[in-house]
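Asks: Okay, handing you the structure first.
Number of protein chains: 2
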Amino acid sequence: MLGAIEAGGTKFVCAIADLNLNIIDKIVIDTQTPDKTLTQVIQFFSNYPIQSLGIGCFGPVDIDINSKTYGYITSTPKLPWQNFNFVQAITTHFSVPIAFNTDVNIAAYGEFRLGVARNKNSCIYLTIGTGIGGGVILNKKILASHHHPEMGHIFIRRDEQDKFVGNCPFHNDCLEGLASGPAVEKRWNIKPANIPDDHFAWDLEAFYLAQAIANYTLIFAPDMIILGGGIMHKAHLLPKVKVEFLKLLNGYFPIRSVDDYLTLPALENNSGIIGGLLLAQDLLNN
Amino acid sequence: MLGAIEAGGTKFVCAIADLNLNIIDKIVIDTQTPDKTLTQVIQFFSNYPIQSLGIGCFGPVDIDINSKTYGYITSTPKLPWQNFNFVQAITTHFSVPIAFNTDVNIAAYGEFRLGVARNKNSCIYLTIGTGIGGGVILNKKILASHHHPEMGHIFIRRDEQDKFVGNCPFHNDCLEGLASGPAVEKRWNIKPANIPDDHFAWDLEAFYLAQAIANYTLIFAPDMIILGGGIMHKAHLLPKVKVEFLKLLNGYFPIRSVDDYLTLPALENNSGIIGGLLLAQDLLNN
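The listed protein sequences correspond, in order, to chains A and B.
Quick note, the first sequence lines up with residues 1 to 286 if you use my numbering.
Quick note, the second sequence lines up with residues 1001 to 1286 if you use my numbering.
Structure representation (structure tokens):
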């Protein structure tokens, strides 16, 4: 059996599947302290004879297998999780092969293998929610370097009318500081879900996301970019982003079809957990 | 024997080397019309029994071997070269294997194989001159997608004091529009080489380049970034860029040593032609 953990900042999703990826059991646990949360995680997996485990974790994490701190959550602002050795906490209880990566990389992998980017060579999965993060598949593999990307923190141009100081503790008004869910909420003092569709908030959001997407496009030239996360549940937002994106590129970079290029995830909220199960499956097949 | 062409917007460099990469002959030709320039290129190579040829060309070019227009220079503002089938113009005269890529990708490859990034897994080579362009090596290979990156055209934040409209025909004040050699010259009405070291022009230039480098870092997480091109001949500029870069990241992304991370090319002006010869060598070895 295959196991997967999608470890997010607010909740952990754990799943068990058979070797053909049919999900057998699944739970959702609140993210509390490592101790409390991991106890429940371990209890869940103890019920099944797992053969391998794929983990996608909120960052920053150390995913460099040659590093001394491989498997750690590193400099997160969530203090109880800082410098927490996630992989060891699991291997103490289950001596099975483990794949450890970021939450967004496993979501990208899920969409790449079984979702909307299924026939592509490369894709970026961007999540716009509590934070903004991106996962990258390139030449059919998760992009690997000494460190995973932090593409939610890129610097973009502000709209002149936007006087909001920004919400990122490191960079104030980087992309995440200007366009994440909490940034939108603080700027307008309304929960994003309750902001009317015709509010200027969405024009601003589209402008910021489009700049980021244009930059990712110019730098990476991926085959497609997938936009997930809570903010994208606003159905009118994606069309606005497409318009702004094409306006910014101004014909310079060839985009065959913007509707094929910029899409929502096909696996909806399961991109990550399915990506984790696929990594677990890969461990057994390779 | 190996042949290489570094086809730039102002000059073509052609070189012949033995199979061990010792350069035997080399010429520099002005970039005029395809007809005039290619006649000289073909004449040069006719003197040697070349076995393969590596070409790096100014862009945009089509480097997707599965595309109908593979080997073409596509939508360049240099009208005589628009939609010019470069690879065919060469294969008509020499029936040898040809590698066709961008000028910046072959420069990145040269530095990666024999230059400053020799022991790295990935690098970005950025040229800041007449234009701004970047080449990418990832997992020891030139980044390949449907299209090469156009990382010189990313959108960055303007300095409030900078009222220059920008110099990019497509995007006005994208990075290239604000920070290329011609942009600096137009803004200050002085040739960059003649601008004194203590002029504000260089603070501005460092701020713009640092933003771009921070964004590339956050998106790609390469092992190093190499800064080439005429503008970087100003020796005091790189230290300024490093300071701005670290200030922007503000400790968020782990950079072990900024001096190792941001460097000038080791092969100086030969990164490109050596990269081209290496690609020609690869064609014979694979």
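From the three backbone atoms N, C-alpha and C, an ideal C-beta is built for every residue, glycine too.
Model, not experiment: these values are computed from the prediction.
So what does DSSP say about I190/A, is it helix, strand or coil?
Replies: coil
Asks: Got a sec: does the ligand GDP put a non-hydrogen atom nearer than 7 Å to the Cβ of A179/A?
Replies: No copy of the ligand GDP occurs in the structure displayed, which carries no ligand at all.
Asks: With 16 as the cutoff for other CB atoms within 10 Å, does S1046/B come out buried or exposed?
Replies: exposed
Asks: Are the C-beta atoms of E150/A and some chain B residue less than 8 Å apart?
Replies: Yes, because at least one Cβ of chain B sits closer than 8 Å to the Cβ of E150/A.
Asks: Secondary structure at G1181/B, three-state DSSP: helix, strand or coil?
Replies: helix
Asks: To the nearest angstrom, report how far apart N990/B and A144/A are at their CA atoms.
Replies: Because residue 990/B is not part of the residues shown, which for chain B are 1001 to 1286, the question remains open.
Asks: Considering only residues of the segment 1060–1111 of chain B, which uninterrupted beta strand (DSSP E) runs meet the minimum length of 3 residues and lie entirely inside it, listed in chain order?
Replies: 1098–1102
Asks: State yes or no: is the beta carbon of Y1109/B nearer than 8 Å to at least one beta carbon in chain A?
Replies: no
Asks: Can you tell me whether DSSP reads K1240/B as helix, strand or coil?
Replies: Helix, per DSSP.
Asks: Taking the alpha helix (DSSP H) that D203/A falls in, what are its first and last residues?
Replies: F200 to F220
Asks: Check each candidate in G1230/B, V1136/B, H1146/B and M1224/B and name the one with the smallest Cα separation from A1179/B.
Replies: G1230/B
Asks: Inspect the CB distances between the segment 1082–1098 of chain B and the segment 1181–1201 of chain B and report whether three or more fall short of 8 Å.
Replies: no
Asks: Run the CB neighbour count on D1173/B, radius 10 Å, all protein chains shown included, and call it buried at 16 or more, exposed below.
Replies: buried
Asks: Which residues of chain B have a Cβ atom closer than 9 Å to the Cβ of N121/A, listed in chain order?
Replies: Counting only Cβ-Cβ distances below 9 Å, N121/A has contacts in chain B at A1144, S1145 and H1146, in chain order.
Asks: Under 8 Å Cβ to Cβ from W1202/B, same chain only, skipping five residues before and after it: list those, please.
Replies: I1195, K1234, H1236, L1237 and K1240
Asks: Can you check which of these residues, F1112/B, G1152/B, L1053/B and P1182/B, is closest to L1264/B by C-alpha distance?
Replies: F1112/B
Asks: According to DSSP, which residues form a beta bridge with F1012/B?
Replies: A1007/B and I1029/B
Asks: Can you list, in chain order, the residues of its chain with a C-beta nearer than 6 Å to that of T1010/B? Leave out the 5 residues immediately preceding and following it.
Replies: T1031
Asks: As a quick exercise: from L1248/B, E1176/B and A1004/B, pick the residue whose alpha carbon is nearest that of G1133/B.
Replies: E1176/B
Asks: Could you tell me the alpha carbon to alpha carbon distance between N286/A and T1102/B, rounded to whole angstroms?
Replies: 35 Å
Asks: Closest by CA to L1227/B, which one among A1193/B, I1124/B and F1155/B?
Replies: I1124/B
Asks: Would you say the segment 148–158 of chain A touches the segment 1209–1220 of chain B, given that touching needs at least three Cβ pairs under 8 Å?
Replies: yes
Asks: In the DSSP assignment, the beta strand (DSSP E) including L138/A goes from what residue to what residue?
Replies: I132 to L138
Asks: Does DSSP put L267/A in a helix, in a strand, or in coil?
Replies: coil
Asks: When DSSP labels each residue in this structure, what does I274/A get in the three-state scheme?
Replies: It is helical.
Asks: For K141/A, list the residues DSSP reports as bridge partners.
Replies: K141/A has L138/A as its beta-bridge partners, per DSSP.
Asks: So, is the C-beta of R1157/B closer than 8 Å to a C-beta in chain A?
Replies: yes
Asks: What does DSSP give as the partner residue(s) for S1052/B in the beta ladder?
Replies: L1002/B
Asks: Identify every residue that forms a DSSP beta bridge with C1057/B.
Replies: Beta-bridge partners of C1057/B (DSSP): A1007/B and T1102/B.
Asks: Just confirm the distance between the C-beta atoms of G1275/B and Y1109/B, as a whole number of angstroms; I'd bet it's less than 8 Å.
Replies: 4 Å
Asks: For N285/A, name the three-state secondary structure that DSSP assigns.
Replies: helix
Asks: Which chain A residues are close to D1223/B, counting only those with a beta carbon under 8 Å from its beta carbon?
Replies: Result: S145 and H146.
Asks: List the DSSP bridge partners of T1127/B.
Replies: G1133/B and G1228/B
Asks: If distances are taken between C-alpha atoms only, which option among F1170/B, K1120/B, Q1051/B and I1106/B comes closest to H957/B?
Replies: Outside the shown range of chain B, which is 1001 to 1286, sits residue 957/B, and nothing can be said about it.
Asks: M1/A: which of A15/A, I50/A and D35/A sits nearest, CA to CA?
Replies: I50/A
Asks: Using DSSP with H/G/I as helix, E/B as strand and the rest coil, what is L1262/B?
Replies: Strand, per DSSP.
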